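Visitor:
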Amino acid sequence: MAPQVTLFSNAGVPSPAKIAILLEELNIEYEVIQRSLRKGGPDGAWSAQFLELSPMGKVPVIVDHTNNDFSVWESAAILLYLAERFSPDGKYSGKTLEERAVVSQWLLFDASQLTPNMSELHWYKRRHPVKDLDPSIYEHYETEIYNLWSMLERRLDRQDWLALDRMTIVG
Ligand SMILES: N[C@@H](CCC(=O)N[C@@H](CS)C(=O)NCC(=O)O)C(=O)O
């Protein structure tokens, strides 16, 4: 069967997995196309053709073949789009104003707090360690991340799913 959705991804990075989990949950027929990050050429994320789909030259990006090849980049926006398009009853994105507010709250918490702090620490500590960097730089990110994960632990001590009483786009 022709795929309903194409997911542009890269096997070595985490963000596209969030999209693949939702595509599976929604039972959407999809294909995954790998893009080489920080490279031009036919398979590169910096090729002129890919930059038309993803102006930052990053993954994930989706193309919805059931909607005139409409494309979306930025994982939080992709999650919202897929949930609203393929599950319009609001099961995954919230059925009421209040449910949608709680889902948005955790979605934005991830996009603005959790993932950026973890990415920065990963970048400087694992991928590009700076010799003799003041340890307080690492400590700043480690403390911040510890506090954010503690907050998630406290939430998940009280309920099975992060946002609502069921799985949503934020888990
Ligand atoms: N906020 C974006 C981040 C996208 C992003 O940074 N993707 C990484 C992989 S997880 C990437 O493509 N990195 C390549 C680069 O920075 O050039 C999202 O959530 O979609």
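For the sequence shown, counting from 1, position 86 maps to 86 in the UniProt record's numbering; every step adds exactly one. No residue lacks a Cβ here, since even glycine has one placed at the ideal position from N, Cα and C. All values reported here derive from a predicted model rather than from experimental measurement.
Tell me whether Lys-18 is buried or exposed, calling it buried when 16 or more other Cβ atoms sit within 10 Å of its Cβ.
Guide: One-based indexing of the sequence shown puts residue 18 at position 18. Classification for Lys-18: buried.
Visitor: As a quick check of your reading: which residues have a C-beta less than 5 Å from at least one non-hydrogen atom of ligand 1, in chain order?
Guide: Working through the chain, the matches are Val-13, Ser-15, Leu-37, Arg-38, Lys-58, Val-59, Glu-74, Ser-75.
Visitor: Between Lys-125 and Asn-68, what straight-line distance do the alpha-carbon atoms span, to the nearest angstrom?
Guide: On the sequence shown, residue 125 is found 125 positions in, with the first residue counted as 1. On the sequence shown, residue 68 is found 68 positions in, with the first residue counted as 1. Lys-125 and Asn-68: Cα-Cα distance of roughly 43 Å.
Visitor: Across the stretch 58-73 and the stretch 141-156, are there enough close Cβ pairs to call them in contact, namely three or more that are closer than 8 Å?
Guide: As far as the Cβ criterion goes, the stretch 58-73 does not touch the stretch 141-156, which means the pair count is below three.
Visitor: Using only CA atoms, which one of Leu-26, Thr-115, Ser-71 lies nearest to Leu-148?
Guide: What you label residue 148 is simply residue 148 of the sequence shown in a count that begins at 1. Here the closest residue by C-alpha is Thr-115.
Visitor: Looking at the structure shown, is Ser-9 part of a helix, part of a strand, or coil, going by DSSP?
Guide: Position 9 of the sequence shown, counted from the first residue, corresponds to residue 9. Of the three classes helix, strand and coil, the one that applies to Ser-9 here is strand, per DSSP.
Visitor: With distances taken from CA atoms, which of Val-13, Glu-29, Ala-83, Ser-36 is nearest Ser-119?
Guide: Mapped onto the sequence shown, residue 119 falls at position 119. Out of Val-13, Glu-29, Ala-83, Ser-36, Val-13 has the C-alpha closest to the C-alpha of Ser-119.
Visitor: Return the residue from the list Ala-83, Arg-127, Leu-108 that minimises the CA-CA distance to Leu-22.
Guide: Stepping through the sequence shown from its first residue, residue 22 is reached at position 22. For Leu-22, the nearest C-alpha among the options comes from Ala-83.
Visitor: Whose C-beta lies closer than 8 Å to the C-beta of Arg-35 among residues of the same chain, with five residues either side of it excluded?
Guide: Reading the sequence shown from its first residue, position 35 is the one you call residue 35. Here the set comprises Phe-8, Ser-9, Asn-10, Asp-43, Gly-44, Ala-45, Phe-50, Val-59.
Visitor: Rounded to a whole number of angstroms, what is the C-alpha to C-alpha distance between Glu-98 and Gly-171?
Guide: As a first step, residue 98 is located in the sequence shown; it is residue number 98 there, counting from the start. As a first step, residue 171 is located in the sequence shown; it is residue number 171 there, counting from the start. When rounded, the distance between both Cα atoms is 17 Å.
Visitor: If we ignore side chains and look at the alpha-carbon of each, how far apart do Arg-154 and Asp-110 end up?
Guide: Working through the sequence shown from its first residue, we reach residue 154 at position 154. Working through the sequence shown from its first residue, we reach residue 110 at position 110. Computed Cα separation, rounded: 16 Å.
Visitor: In whole angstroms, what is the alpha-carbon distance linking Arg-166 and Asp-160?
Guide: Along the sequence shown, one-based indexing puts residue 166 at 166. Along the sequence shown, one-based indexing puts residue 160 at 160. Distance between the alpha carbons of Arg-166 and Asp-160 is about 8 Å.
Visitor: Considering only residues of the UniProt domain "GST N-terminal" (3-90), which uninterrupted alpha helix (DSSP H) runs meet the minimum length of 4 residues and lie entirely inside it, listed in chain order?
Guide: Listed in chain order, they are 15-25, 48-53, 75-86.
Visitor: Mapping DSSP to helix, strand and coil, what is His-128?
Guide: By 1-based counting over the sequence shown, the position of residue 128 is 128. Correct three-state label for His-128: coil.
Visitor: Please confirm whether Ser-15 and Ser-75 have their CB atoms less than 8 Å apart.
Guide: For the purposes of this step, residue 15 is identified with residue 15 of the sequence shown, where counting begins at 1. For the purposes of this step, residue 75 is identified with residue 75 of the sequence shown, where counting begins at 1. Result yes, Cβ atoms of Ser-15 and Ser-75 sit closer than 8 Å.
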